[in-house]
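First up is the structure itself, then whatever we jot down about it.
Residue numbers (my numbering): 3 to 970.
Structure, rendered in structure tokens:
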């Protein structure tokens, strides 16, 4: 029987499961197998009927009556079809030697299986020595004579594999050495990772590797998609695909549905391959064809080049409304209201076009460059402008135009609103005067061409040559006034201007008047009206004052009453209130009737297309842990950690997996690991968190033993305490605070993580949560939590004290090699961890405070933060070390054995290391160096320093004893 093409049985239940490709199956042979048996009287091919009365070919041998059997059965040549690892499944029956009466003691109940690689498919003879043994096959079940009578044969199934095949094919061989055996079925096959589509990339079926290594496969983007990041997957040795890395995205005009890119329907579009879905055409636009990447604007509507494709098509705005002008000498303030129709945009600006008409309004010309617009003439964003340097008694026309981002694209007529303004003429010169010792009476004639009805006159005066220091402004509705309170014999300068309902006119010319040295006869009009005086100090030029007020406050200045919406003040008062943020309390996800609602409430759903997986960094309880990047719309790309839920999960596993996200999503603190979001609407389900480059704190410190200053270590401790204070303030207990559950980023910022054991507190801050069993991290847990399963923030404080010890000892294991029971007993008897080497006394005292037996005596996390802050501000308090008494120099009278010495320097955990290495007495360790200590197993640099320092003291002590001996 020569096997034909390989039989591909690639129809697994899940495309992440392997498919099997059969190279040889003796059960499916249509006729004789025709395998080679030698010697000829050994293996025999026999046709039998299976349970369905279907004939099948088997090989049998049962020469048990004769000793020294060596019967070989060789298959025909089997092509390996490009595979490197082959699996052989054999089904056989075997007779129990004890059930064969009269057989010699050479009867066997095993047989051997071999293979031989060859590029030749017509070899007739192969030397036995050339075969490579696969295994000796023994039966789990053997049959007896009784079984033969009852026709109950006990079938055995064994599977073996051959790795690292290199030639075109191979032969299989079976060696019988004296057994009674029947080969019922021989099947030879190999495994392939099946063809699959992931992240819009097609991965072809792939033969597994020859050993246990992974085969990296690059995927090809499906139709109408393109690479976003190189799609890759790894084919495992078992024929299963591992988590995909990279992805393809649908091209513009196509969206992803069921692992294919489908064209957008008419009326929909997709502008960018980064957009996840086709979107409906925005208002005033359309698309009549499939696979549109943008929608065309309706007639009369436009889209600017910088407009996003999701923005509705817009049109130019209408003209501004309600123009108002206020004249002030040769300056004008123009105000207006926004246009009634904005065109659908919010980028409206205003342009002012000016014409000067002189005396004849029919003859107008552009104003030219003589005028000044504050803040500017074109591109105004506010509905107000100040125009200065106008000519007096001149007609001006100002056309106000509103434009937006599509105005230049429109061919329709532009819309303006016009304002006609005539500047006022100056007041004529003063006609008469009357002077006294402390007053001057003035009279004047109004302007010839006033800009509207005159409301009042304004008189400004000041002492000659002192205008920049002090001047006075007076107002009257009459065209005469008496100015009182002047200095005798002093010269004053006066100017007058008219105020009409169109604004202020220009000042008339200056006139200098001097008060008399003595009183003069009062002459004048006794019915002179009352005058209101306003004193202005500082020497500010009026026009500059107006411009400054306009630019800074946006309101009218001088004597023009500002307009204000009566609701504006209320709005400002409302928004001006200072509101403290509401305090937040942690909500346990288990309090939800529907746990999925907790995920929706506290975790942000992220589109899977925003995530790019780059590499696998570990494996967790629920699946792989990867690193990658997250790019959300409108935000910069960031590195993230990605936990994925493995395939085939149950609903309970899914709830438990997402429970941690429901917890993390409630926290927002720089020292708590940040949840970016979750992916629940597609598979695999993922939790996305910020990426902490330096991993867990304990392993981070072990790799950098002795490399940080005390202040740096205190800074790390302060960050952890700040995060725990935040959790405590939210009435939240962590229960598993340890250095292994603190993560460190690239800036050495420590963040609390791992909320799997967390529980919520009741309203009473002293209340405790009672667990229903479960594992407790004994070395980090407070005594009351171990004894009564009661956890509070005070028990977290105890754990924080152990974390402090871990940090100051650079990741050393708390209580060293003591058993959990020994730890519990020692703590109950009052034992506390000693200060690590070079640990400041104040920090060890804080640890001891955290380890107070009565939980009410332990500090709160807020107090711990304050203590550490003070130490950071005053680092001199850290100079006194807890081991300044030189713990490396034990009392010579107390040191009698090596064990006493190690206990004295608090290195008792290395007793067994010294003993195994042959160091049993003090005189044997005097000449140890750092290399010797590494060989013994003392690898931490800090511990080596402590031991070597003590050895120096022992050496000095030995010299002293030797000198004493010589003197004696």
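For each residue, glycine too, the CB sits at the ideal point set by N, CA and C.
Can you give me the C-alpha to C-alpha distance between residue i and residue j, rounded to a whole angstrom?
| i | j | result |
| --- | --- | --- |
| residue 478 | residue 496 | 14 angstroms |
| residue 613 | residue 263 | 19 angstroms |
| residue 366 | residue 420 | 14 angstroms |
| residue 738 | residue 822 | 16 angstroms |
| residue 635 | residue 913 | 60 angstroms |
| residue 830 | residue 740 | 21 angstroms |
| residue 37 | residue 218 | 38 angstroms |
| residue 690 | residue 718 | 24 angstroms |
| residue 392 | residue 403 | 21 angstroms |
| residue 676 | residue 608 | 14 angstroms |
| residue 442 | residue 500 | 20 angstroms |
| residue 43 | residue 84 | 36 angstroms |
| residue 538 | residue 446 | With a pLDDT of 32 at residue 538, under the threshold of 50, the modelled position of that residue is not reliable, and the figure given next carries that caveat. Using only the alpha carbons, I get a separation of about 23 angstroms. |
| residue 457 | residue 413 | 47 angstroms |
| residue 589 | residue 736 | 14 angstroms |
| residue 372 | residue 498 | 26 angstroms |
For residue i, which residues does DSSP report across the bridge?
| i | result |
| --- | --- |
| residue 257 | 264 |
| residue 513 | 496 |
| residue 925 | None; residue 925 has no bridge partner. |
| residue 163 | 89 |
| residue 97 | 145 |
| residue 200 | 203 |
| residue 61 | 47, 185 |
| residue 782 | DSSP, once it has assigned bridges, lists no residue as partnering residue 782. |
| residue 80 | 172 |
| residue 456 | 502 |
| residue 252 | 227 |
| residue 679 | 690 |
Can you give me the Cβ contacts of residue i inside the same chain, cut-off strictly under 8 angstroms, excluding the 5 residues immediately before and after it?
| i | result |
| --- | --- |
| residue 20 | 14, 193, 194, 195, 196, 210, 240, 241, 242 |
| residue 224 | 199, 202, 203, 204, 250, 261, 262, 263 |
| residue 312 | 273, 281, 284 |
Excluding five sequence neighbours on each side, which residues of the same chain lie with their C-beta closer than 6 angstroms to the C-beta of residue i?
| i | result |
| --- | --- |
| residue 110 | 179, 180, 181 |
| residue 555 | Residue confidence for residue 555 is low, a pLDDT of 37 falling below 50, so the modelled location carries little weight; the figure read from the coordinates is stated next. So the list is empty, once near-sequence residues are dropped. |
| residue 327 | 334, 336, 421, 423 |
| residue 810 | 838, 841 |
| residue 796 | 857, 860 |
| residue 205 | 198, 219, 221, 235 |
| residue 835 | 807 |
| residue 188 | 28, 92 |
| residue 569 | Any reading at residue 569 is ruled out, since the residue's pLDDT is 32, under 50, leaving its predicted position unreliable. |
| residue 349 | 406, 407 |
Might you give, ordered along the chain, the residues of its own chain that have their beta carbon closer than 7 angstroms to the beta carbon of residue i, omitting 5 neighbours on each side?
| i | result |
| --- | --- |
| residue 88 | 82, 163, 164, 167, 190, 192 |
| residue 116 | 133, 134, 135, 136, 175, 177 |
| residue 851 | 860, 861 |
| residue 945 | 909 |
| residue 227 | 202, 250, 251, 252, 253, 263 |
Quick check: residue i and residue j, are their CB atoms within less than 9 angstroms of each other?
| i | j | result |
| --- | --- | --- |
| residue 791 | residue 778 | yes |
| residue 63 | residue 73 | yes |
| residue 866 | residue 799 | yes |
| residue 288 | residue 280 | no |
| residue 723 | residue 812 | no |
| residue 245 | residue 625 | yes |
| residue 512 | residue 491 | no |
| residue 69 | residue 112 | no |
| residue 325 | residue 405 | no |
| residue 869 | residue 848 | yes |
| residue 315 | residue 290 | no |
| residue 643 | residue 627 | yes |
| residue 390 | residue 332 | yes |
Measuring only from the beta carbon, is residue i closer than 8 angstroms to any heavy atom that is part of the ligand FMN?
| i | result |
| --- | --- |
| residue 473 | This structure does not include the ligand FMN; it has no bound ligands of any sort. |
Would you be able to state if there are at least three C-beta pairs under 8 angstroms between the region 706-716 and the region 652-668? In the pairwise beta carbon analysis, the region 652-668 is classified as not touching the region 706-716: fewer than three pairs are separated by under 8 angstroms.
Any contact between the region 739-751 and the region 687-706? By contact I mean 3 or more CB pairs, one from each, below 8 angstroms. Flag = yes, the region 739-751 and the region 687-706 touch.
Pairing CB atoms from the region 814-828 with CB atoms from the region 679-695, are three or more of them under 8 angstroms? Flag = no, the region 814-828 and the region 679-695 do not touch.
Any chance the region 377-390 sits against the region 332-342, with 3 or more Cβ pairs inside 8 angstroms? Between the region 377-390 and the region 332-342, the count of C-beta pairs closer than 8 angstroms reaches three or more; the two stretches touch.
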